[in-house]
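Engineer:
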Amino acid sequence: ADGQSWEDSLAQLELDSLASLFTYQPKEAHMLALAYSSDSINANHLLYDVALYNFTNFLIRDYELSLEMLGAQEVLMIRTFEDAEDVLRYMAWMSFQGQRPTDKYPGLRLLPVSESNWPLIQERFPEEAYRRFLEDYYQ
């Protein structure tokens, strides 16, 4: 009826069911994963820009930065934010020499993660399913 094959419908159902595994805990400590492809983004340049942004904008806060792998996905992890509001504020204001991170680094994806969702994401990283969860709760 809507032009989707049953395989597409099944895939959508699977994504919805994976997305339902995540829980929204806004008061919990959060972290931010900057997901990128090393084919198009230099991790050291990204790390430098995040460190410079943090150093020039946060005199009191000291965020921990680390380059990690989420399955096959390369990420720069920024830890630790007090709660969901804290990480969303950071994402909204984040800029690299006046440019939005996604403008300076096309293909960069910003993924806020709560402490309780972190183990689930590490176990297997269905980014599309996690994006659905983010769209429902982190907009």
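Just so it is clear: in the sequence shown, position 58 is 50 by the numbering used here, and no numbers are missing.
Ideal placement from N, C-alpha and C gives every residue a C-beta, glycine not left out.
Since the structure is predicted, the reported quantities are computational estimates derived from the model, not experimental observations.
1) On a Cα-Cα basis, can you pick out the residue from Glu60, Asp75, Tyr130, Met69 that is closest to Val42?
2) Scan the stretch 46 to 80 and note each continuous beta strand (DSSP E) run of 3 residues or more that stays entirely inside, going in chain order.
3) So the beta strand (DSSP E) Pro104 belongs to, where does it begin and stop?
4) Need the endpoints of the beta strand (DSSP E) that Tyr122 sits in, please.
5) Identify the residues that DSSP records as bridge partners of Met23: which are they?
6) Kindly list the residues whose CB is nearer than 6 angstroms to the CB of Glu107, restricted to its own chain and excluding five residues on each side of it in sequence; keep chain order.
7) Would Gln65 and Glu127 qualify as a contact pair, given that the criterion is a beta-carbon distance under 8 angstroms?
8) Name the DSSP beta bridge partners of Phe156, please?
Structural biologist: On the basis of the coordinates in this document:
1) The shortest Cα separation from Val42 among Glu60, Asp75, Tyr130, Met69 belongs to Met69.
2) If we require 3 residues or more, the beta strand (DSSP E) runs fully inside the stretch 46 to 80 come out as 56 to 62, 65 to 73.
3) Per DSSP, Pro104 belongs to the beta strand (DSSP E) from 101 to 106.
4) DSSP places Tyr122 outside any beta strand (DSSP E); the residue lies instead in the alpha helix (DSSP H), whose first and last residues are 119 to 129.
5) Val105.
6) Short of 6 angstroms from the beta carbon of Glu107, and not among the five residues preceding or following it, lie these beta carbons of its own chain, in chain order: Glu20, Ala21.
7) For the 8 angstroms CB-CB criterion, Gln65 and Glu127 do not form a contact.
8) Summary: the structure shown does not reach residue 156, with the chain confined to residues -7 through 131, and so no result is reported for it.
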